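Taking it in order: structure first as structure tokens, then the write-up.
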Amino acid sequence: MDEWESPDYEPSLPVSEKSNPFTRDIDRASPSGIVGMLEACDAQMFRQDRGTNYQRLFDEQVVTTLTEVAKRVELILKDPQDSLVVLSGCGTSGRLAFFMASRFNEALKQLNRTLVYSYIIAGGDSALLSSQEAPEDDPELGMLSLQKVCEAKKKVLFIGVSCGLSAPFVAGQLDFCLQHPEVYTPVLLGFNPTHQARDEPIPGCIFTFHSVAQRLQELSQRRKAFLINPAVGPEAISGSSRMKGGSATKIVLEVVLSAAHAAAFSHKSVASECILQHMREYERAVEVTYQQKEGIAAVVEAAGRSLLNEGSVCYLGWGPMAILGLIDASECNPTFGADYTDIRGFIRGGYKDLNNNEGPLSSLGPEFCIGHEDFLQHVLPGLADKDTVLLIYSQSDDLHEVLNLGRRVREKTPNLHAVHHRTDSDSAETPQQISINELCSSTLDFLWCGSTPATGNFLHQWELSTKLVLNAVSTGAHILKGKVYRNHMIDLQVTNSKLYRRATRLLQTLSGRAESECEEALLKAIYGADKLMKDIISSDITAHTQVARNAKKVVPSALVSLLTGCALKEVESCLEQRRVLRDALEELLP
24 MDEWESPDYE
34 PSLPVSEKSN
44 PFTRDIDRAS
54 PSGIVGMLEA
64 CDAQMFRQDR
74 GTNYQRLFDE
84 QVVTTLTEVA
94 KRVELILKDP
104 QDSLVVLSGC
114 GTSGRLAFFM
124 ASRFNEALKQ
134 LNRTLVYSYI
144 IAGGDSALLS
154 SQEAPEDDPE
164 LGMLSLQKVC
174 EAKKKVLFIG
184 VSCGLSAPFV
194 AGQLDFCLQH
204 PEVYTPVLLG
214 FNPTHQARDE
224 PIPGCIFTFH
234 SVAQRLQELS
244 QRRKAFLINP
254 AVGPEAISGS
264 SRMKGGSATK
274 IVLEVVLSAA
284 HAAAFSHKSV
294 ASECILQHMR
304 EYERAVEVTY
314 QQKEGIAAVV
324 EAAGRSLLNE
334 GSVCYLGWGP
344 MAILGLIDAS
354 ECNPTFGADY
364 TDIRGFIRGG
374 YKDLNNNEGP
384 LSSLGPEFCI
394 GHEDFLQHVL
404 PGLADKDTVL
414 LIYSQSDDLH
424 EVLNLGRRVR
434 EKTPNLHAVH
444 HRTDSDSAET
454 PQQISINELC
464 SSTLDFLWCG
474 STPATGNFLH
484 QWELSTKLVL
494 NAVSTGAHIL
504 KGKVYRNHMI
514 DLQVTNSKLY
524 RRATRLLQTL
534 SGRAESECEE
544 ALLKAIYGAD
554 KLMKDIISSD
564 ITAHTQVARN
574 AKKVVPSALV
584 SLLTGCALKE
594 VESCLEQRRV
604 LRDALEELLP
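Quick note: to get the numbering used here, add 23 to the position in the sequence shown (first position is 1).
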């Protein structure tokens, strides 16, 4: 049994919000130490502990449910008329819903089959690239967006993803499905036990996420609904479900949809043994990725140095892996309070390659300019030694193009690195790849054994590997910049009710003070006031989060103020001078 599984370990917190014992001192770790801790956390996804109260990914009940859901997808693939599979979520979950729907629709297109997948993300397509936290709190918006997507459909399999079983947007959609069982079969995917689902009242609703999850659990006994919620362990950075929660989401959805496609088009019946074998392939992918931990650490160190020196980190990608770069970069603002220029992603063909529902979004602002041409026009001219660039590609991409872009980058900065995937069927390096290696400070060259370019599963493994690397780079760089306290994302943006509650709980955990005292300190930091006026106290959480959008270092300021009793001005001054929050506390504490 892992320490976090004990009933006495942070008992008031759900699994997705607990701190991970492996990473208690990650804020003071070296780049190699950071990557080693992330490896230990990711390995927890596949643990098969016995004698605990938590379901795990390989448990019989979980595998059985995955098998049943795959069969439901298979039925729609075989008879797609007036049918739809909808994937929906908020933040990272919504981005992965988009990614999965796009990838599997592309597979159908190649087979000249009817496209059956659709995605919904809270906040619309702009949320694919930029944090849009407020819509997560709107269950009616979730319900209306589902109605719109499913108009005139007679059979819908709805898969709502909420890693913490907490998003009101998804709860509203699930509740709507439960009210219309003649059309909708709801599936909930998350990584907390049902009893840990969020049970706070949702304004304007008679249900909570907890009550919806309970109803789903009851209906699952009769296969009228499905609940997939294995525990994968606490995140390396507490509450940051973009990492392990996102990886587990990708694994589960791909296992289910791949099994359905194999059954529908390759005459391979959906079987528990195949589901298990496929998940084992992902376990192996994680192991293969961290075999290059020292190489990953070198990129983490370079990226951290760039952020410390007010530089930027740019991901230049090709194909699906470029989309994972866009996703990783988009998550840094809400997680670490980062500016969009700190870590940016770019995809070869821009919106043509992204292929999102709403089309080009460049008119929304510079952070939505995502093509390689945008990089060449707007970013490359200002690139300098303090910046880091990461090339992300595979043997299937045009290496001449990769090399030419790498040469242009290398003229501006020596900090050029690469992530490259290839199979053992093409083990000899091409002259272009040798030239790319010579250009780069380091190359993470992943050689995948026993795979051929014709098999879909190996592409999924490449993508998971790329996601793990990019998560390590962005997380590690922000740790080195001082954006993490112990193993908590201390500089999170308090932009919706979930994050407001998370911030309050975090202050309680780190200070040991009462909830009311912590919430008061949080409000003082949001409003920049050492004394709260009555109108502030009487306002609701929505009003507070609107103000918090424009505030800086809210949670760090609240914590230091709580622990030291210092005025906010003194706290802010100290935080400006000290990169590591622990150092600021040591300076101010008597």
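We put the beta carbon where it would ideally sit given N, CA and C, even for glycine.
Predicted model only: the values in this text are computed from it and were never measured.
Query                                                                                                                                                       : Result
Quick one, are the C-beta atoms of V583 and L555 less than 8 Å apart?                                                                                       : no
Quick check on the burial criterion: 16 or more other C-beta atoms within 10 angstroms. Buried or exposed for G3?                                           : Here the chain has residues from 24 to 613 only, and residue 3 is not among them.
With distances taken from CA atoms, which of G360, Q456, Q244 and V279 is nearest I182?                                                                     : V279
Please identify the residue among L347, G499 and V594 whose C-alpha is closest to the C-alpha of R51.                                                       : G499
Please determine, among P54, Q600, L529 and Y523, the residue with the shortest C-alpha to C-alpha distance to A571.                                        : Y523
Hey, how far is the Cα of P476 from the Cα of N573?                                                                                                         : Only weak support exists for where P476 lies, its pLDDT of 45 falling under 50; the coordinates are left without a value.
Any idea what DSSP makes of A552, helix, strand or coil?                                                                                                    : coil
In the DSSP assignment, the alpha helix (DSSP H) including L276 goes from what residue to what residue?                                                     : K267 to F288
Classify I99: buried if its beta carbon has 16 or more other beta carbons within 10 angstroms, exposed otherwise.                                           : buried
Buried or exposed, going by whether 16 or more other CB atoms sit within 10 Å of the CB of T565?                                                            : exposed
Between which two residues does the alpha helix (DSSP H) harbouring L586 extend?                                                                            : V577 to T587
Within 8 Å, do at least three Cβ pairs link the region 512 to 519 to the region 250 to 263?                                                                 : yes
Please return the same chain residues whose Cβ sits closer than 7 Å to the Cβ of E324, not counting the five positions on each side in sequence.            : P54
Is it true that the region 478 to 491 meets the region 344 to 353, where meeting means three or more beta-carbon pairs spaced less than 8 Å apart?          : yes
Please state whether DSSP places M313 in a helix, a strand or coil.                                                                                         : Note on residue identity: the sequence assigns Tyr, not Met, to residue 313. DSSP places Y313 in helix when its eight states are reduced to three.
Residues bridged to I370 by DSSP?                                                                                                                           : G340 and G394
For A21, count the other beta carbons within 10 Å of its own beta carbon; 16 or more makes it buried, fewer makes it exposed. Which is it?                  : Within the shown structure, residues of the chain are numbered from 24 to 613, placing residue 21 beyond reach of any answer.
Among P103, P37 and S141, which residue has its Cα nearest to the Cα of F121?                                                                               : S141
Given this structure, state the Cα-to-Cα distance separating S580 from D161, to the nearest angstrom.                                                       : 29 Å
For a test of the three-state rule: what should DSSP assign to R126, helix, strand or coil?                                                                 : helix
Under a three-way DSSP split, which group does R307 fall into?                                                                                              : helix
Which of the three DSSP states is assigned to H203 in this structure?                                                                                       : coil
Roughly how many angstroms separate the alpha carbons of G551 and G340, rounded to a whole number?                                                          : 41 Å
Where Q78 and S270 are concerned, what is the direct C-alpha to C-alpha distance, given to the nearest angstrom?                                            : 17 Å
In the region 430 to 494, which residue ranges form an unbroken alpha helix (DSSP H) of at least 4 residues, counting only runs that do not cross its ends? : 454 to 462
Can you give the Cα-Cα distance for V578 and R367, rounded to whole angstroms?                                                                              : 24 Å
Are the region 246 to 261 and the region 203 to 214 touching by the rule of at least three beta carbon pairs closer than 8 Å?                               : yes
Check whether the region 379 to 388 and the region 409 to 420 touch, using three or more Cβ-Cβ pairs below 8 Å as the test.                                 : no
Helix, strand or coil for I144 per DSSP?                                                                                                                    : strand
Is M60 near V255, with beta carbons less than 8 Å apart?                                                                                                    : no
Could you work out which residue in L530, R126, F199 and E434 is closest to L482 when comparing CA atoms only?                                              : R126
By alpha-carbon positions, which one of R601, L529 and L80 ends up nearest to M302?                                                                         : L80
Got a sec? Which residues, its chain only, sit under 8 Å from C297 by beta carbon, not counting five neighbours each side?                                  : A282, A285 and K291
How would you label I560, buried or exposed, when you count the other beta carbons within 10 angstroms and need 16 or more for buried?                      : exposed
Report yes if the C-beta distance between R528 and L36 is below 8 Å; otherwise report no.                                                                   : yes
For E62, which residues in the same chain have their Cβ closer than 7 Å to its Cβ, ignoring the five residues on either side in sequence?                   : Y313 and K316
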